[in-house]
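Reviewing the structure listed below.
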Amino acid sequence: MTEVLSTTTQKGAERGIRRATTLRVRDFIVLISCFAAVLVLLLVTGSIGLIESAAALIAAGAVAWAYYVGSATVLPASAVVDGATDNVVPGPSTASIPLKALPLPAFEIDLDERIVAFNAEAEDILRLDNRVRPRASTVIRSPALLSAIDKAIHTQVDAPLAVDVDAGPNETWRAHVSRPLDAGRVLIVLEDLTPLRRAARARSDFIANASHELRTPLTALSGFIETMRGPAKDDPESWGRFLDIMAVESERMSRLISDLLSLSRIESSEQVAPRDKVDMQDVLASGAAALGGMADERGVTLVVSGTDEALPVIGNRDELIQVVENLISNAIKYCRKDGTVRVTYGAAADTVEARAKSGQVWEKGERMTLLQSVNRPGPGEPAVWIRVEDEGPGIERQHLPRLGERFYRTDQSRGGKITGTGLGLAIVKHIMAHHRGGMAVETVMEQGSAFAVWLPAMRRKAEDA
15 MTEVLSTTTQ KGAERGIRRA TTLRVRDFIV LISCFAAVLV LLLVTGSIGL
65 IESAAALIAA GAVAWAYYVG SATVLPASAV VDGATDNVVP GPSTASIPLK
115 ALPLPAFEID LDERIVAFNA EAEDILRLDN RVRPRASTVI RSPALLSAID
165 KAIHTQVDAP LAVDVDAGPN ETWRAHVSRP LDAGRVLIVL EDLTPLRRAA
215 RARSDFIANA SHELRTPLTA LSGFIETMRG PAKDDPESWG RFLDIMAVES
265 ERMSRLISDL LSLSRIESSE QVAPRDKVDM QDVLASGAAA LGGMADERGV
315 TLVVSGTDEA LPVIGNRDEL IQVVENLISN AIKYCRKDGT VRVTYGAAAD
365 TVEARAKSGQ VWEKGERMTL LQSVNRPGPG EPAVWIRVED EGPGIERQHL
415 PRLGERFYRT DQSRGGKITG TGLGLAIVKH IMAHHRGGMA VETVMEQGSA
465 FAVWLPAMRR KAEDA
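Taking the numbering used here, the leading residue of the sequence shown gets 15, the next gets one more, and so forth.
Right, dumping it as structure tokens:
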């Protein structure tokens, strides 16, 4: 077994040397050819004579050959073969960790500050492009990381050095630089901090926005309480008006807290796929019935139509009812008086057809996909779609990409007459993500807007079983 491994390693080393030699020969041939072309051009134009040209070419060839021989690259006997790409790269010494076994991008630098070993992940990030033993300073653009590497080479450090590297405006990496005791190489392991930084920024923004939204009704309540205790203490006639306003603000704060709790609950379970069998016919009937009184109060006609066939899906019934109620209540709020809110639904052969039936109906409509299906079913995978449209003022195109953001109120683009928590569409978006579905909006100015959702349906075989 040892002999086989030794033979394999030796063959890998030989292939590595041949590959490195081929690359070096190619580079030197290109160099001499370019120099010879310049000499020929000068000779043709009469700038120099034939003897000078020949002498210059011989001198350049001698210098190139001397440099070629003196800078020959010899791979160590521990060179390993990358089985995935069949490329031979210098392998780590016996004191180093096998780079291919590391799940993170990792590479090694020798004491001459040349990259001598790396795994596939590091090769993609560093963009080595088959370069042989490049200098670290020609590949790495971070002064902080180069300084840490220099420190690890020239001084003995007890613990790995951690350096944050900004790879772009929204991308951050942390480089862990270490040099094992008596090792002739420095090991650099890269850790992607971008998701963590992005999540921390999202949490910070969420807390700031939530605090701001709660502060408004709280300020109003405390102001009216102070007024009733002070200047209006002896004016009971004004108390009724104050109490009505306080009731509205307290109701708004209650809705905000309720939506925040719903959003937090949905986000916490978003990675766990639902498992219950739900009939979307029943979900739509329950959601529409709950909002019938709201439609009558605002003078809006609510029309629900669709297929008579059962629409079974795998989902969470309460969450899907919340989707229907949020979409219908938004449509009622923004629909003109004496207008009509239409809720249509049906089945489709796949999500592509569901997207077309629910979100691409109006010929002159402006459209935007707010959520792509997480797991796109293949052809023949059935889907269920719902479309809720109103007869409101419509939404301007520049606002469409922001729909579904937390605390973004669509009434900001519809005249500012209607207030809400700004979390309704965000909740819908997260619920559809939880159900591996999609969401889109379609709008025509002065005609209305329509929101569409779709999600995978149960197969007929699964339903019959």
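Glycine residues also receive a C-beta, built at the ideal position from the N, C-alpha and C atoms.
Query raised in the report: Does DSSP classify ALA93 as helix, strand or coil?
Result: Only weak support is given to the placement of ALA93: the predicted model assigns it a pLDDT of 39, under 50, and the value that follows is read from those uncertain coordinates. The answer is coil: DSSP assigns ALA93 none of H, G, I, E or B.
Query - Burial state of VAL467, where buried means 16 or more other Cβ atoms lie within 10 Å - result: buried
Query raised in the report: Shortest alpha-carbon distance to ARG155 belongs to which of ALA136, ASP180 and ASP143?
Result: ASP180
Report task. Assuming ILE129 contacts PRO117 (C-beta within less than 8 angstroms), just tell me the rounded distance between them. Result -> In fact, because the Cβ distance is near 20 angstroms, the residues do not count as touching under 8 angstroms.
Requested in this report: Mind checking which residues open and close the alpha helix (DSSP H) that includes VAL314?
Outcome: Run containing VAL314: none; DSSP gives neither H nor E here.
Query raised in the report: Ordered along the chain, which non-local residues of its own chain (more than five positions away) have a Cβ less than 8 angstroms from that of SER151?
Result: GLU127 and LEU160
Query raised in the report: DSSP on ILE139, reduced to helix/strand/coil?
Result: helix
Query raised in the report: Is LEU298 near the ligand ZN, going by C-beta to nearest heavy atom under 7 angstroms?
Result: For the ligand ZN, the structure offers nothing, since it holds no ligand at all.
**Report entry** Under 8 angstroms between C-beta atoms of LEU201 and ALA120
**Finding:** yes
Query raised in the report: Between ALA73, ILE441 and ARG229, which lies nearest to SER264 when the distance is taken from Cα to Cα?
Result: ARG229
Query - Alpha-carbon to alpha-carbon, PRO231 and ARG496 - result: No statement about residue 496 is possible, as the shown extent of the chain runs from 15 to 479 and does not include it.
Query - Where the alpha helix (DSSP H) through MET294 begins and ends - result: 294-304
Report task. Measure the alpha-carbon distance for ASP351 versus ARG312 and round it to whole angstroms. Result -> Rather than Asp, the amino acid found at residue 351 in this sequence is Lys. When rounded, the distance between both Cα atoms is 7 angstroms.
Query - Three-way DSSP call (helix, strand, coil) for SER5 in this model - result: For residue 5 there is no data in the structure shown, the boundaries of the chain being 15 and 479.
Query raised in the report: Should VAL170 go down as buried or exposed, given a rule of 16 or more other Cβ atoms within 10 Å for buried?
Result: For the sequence presented, residue 170 should be read as Gln rather than Val. With fewer than 16 Cβ atoms within 10 Å of its Cβ, GLN170 is classed as exposed.
Query - Reference LEU384, options GLU405, LEU417, ASP364 and LYS378, closest by Cα - result: LEU417
Query raised in the report: What's the gap between the Cα of GLY438 and the Cα of LEU275?
Result: 12 angstroms
Report task. Measure the CB-CB distance between GLU460 and GLY379 and report whether it falls below 8 angstroms. Result -> no
Query raised in the report: Between VAL177, GLY198, VAL442 and LEU235, which lies nearest to ILE167 when the distance is taken from Cα to Cα?
Result: GLY198
Report task. Indicate the three-state DSSP secondary structure (helix, strand or coil) for VAL177 in the structure shown. Result -> strand
Query raised in the report: By Cβ distance below 6 angstroms, which residues in the same chain neighbour VAL203 in space, the five residues on each side in sequence not counted?
Result: LEU118, ALA120 and HIS190
Query raised in the report: With 16 as the cutoff for other CB atoms within 10 Å, does ASN344 come out buried or exposed?
Result: buried
Requested in this report: Flag this pair as yes or no: are the beta carbons of ALA454 and GLY373 separated by less than 8 angstroms?
Outcome: yes
Query raised in the report: Who are the near neighbours of MET472 in its chain, counting only those whose CB is closer than 8 angstroms to its CB and skipping five residues on each side?
Result: LYS291, PRO326, VAL327, ILE328 and PRO396
Requested in this report: Taking only runs that begin and end inside the segment 390-423, name each unbroken alpha helix (DSSP H) of 4 or more residues, in chain order.
Outcome: none
Query raised in the report: Quick one: what does DSSP say GLY373 is sitting in, helix, strand or coil?
Result: helix
Requested in this report: Go ahead and label CYS48 buried or exposed: buried means 16 or more other beta carbons lie within 10 angstroms of its beta carbon, across all protein chains shown.
Outcome: exposed
Report task. Tell me whether the beta-carbon of GLU333 lies closer than 8 angstroms to the beta-carbon of GLY301. Result -> no
Requested in this report: Between the Cα of PHE421 and those of ILE441, GLU410, ASP404 and GLN412, spot the shortest distance and give me the residue it belongs to.
Outcome: ILE441
Query raised in the report: Straight-line CA distance for THR321 to ARG401?
Result: 13 angstroms
Report task. Compute the distance between the beta-carbons of GLU205 and ARG188, then report whether it is under 8 angstroms. Result -> yes
Requested in this report: Would you list the residues sitting across from ALA363 in a DSSP beta bridge?
Outcome: In DSSP, ALA363 forms no bridge with anything.
Query raised in the report: Does the distance from the CB of GLU377 to the CB of GLY462 come in under 8 angstroms?
Result: no
Query - Own chain, CB closer than 7 angstroms to VAL297, minus 5 neighbours either side, in chain order - result: ARG331, LEU334, ILE335 and VAL338
Query raised in the report: Quick one: what's got a C-beta closer than 6 angstroms to CYS349's C-beta in the same chain, skipping five residues either side?
Result: VAL314, VAL355, ASP404, GLU405 and GLY406
Query raised in the report: In this structure, does DSSP put GLU185 in helix, strand or coil?
Result: strand
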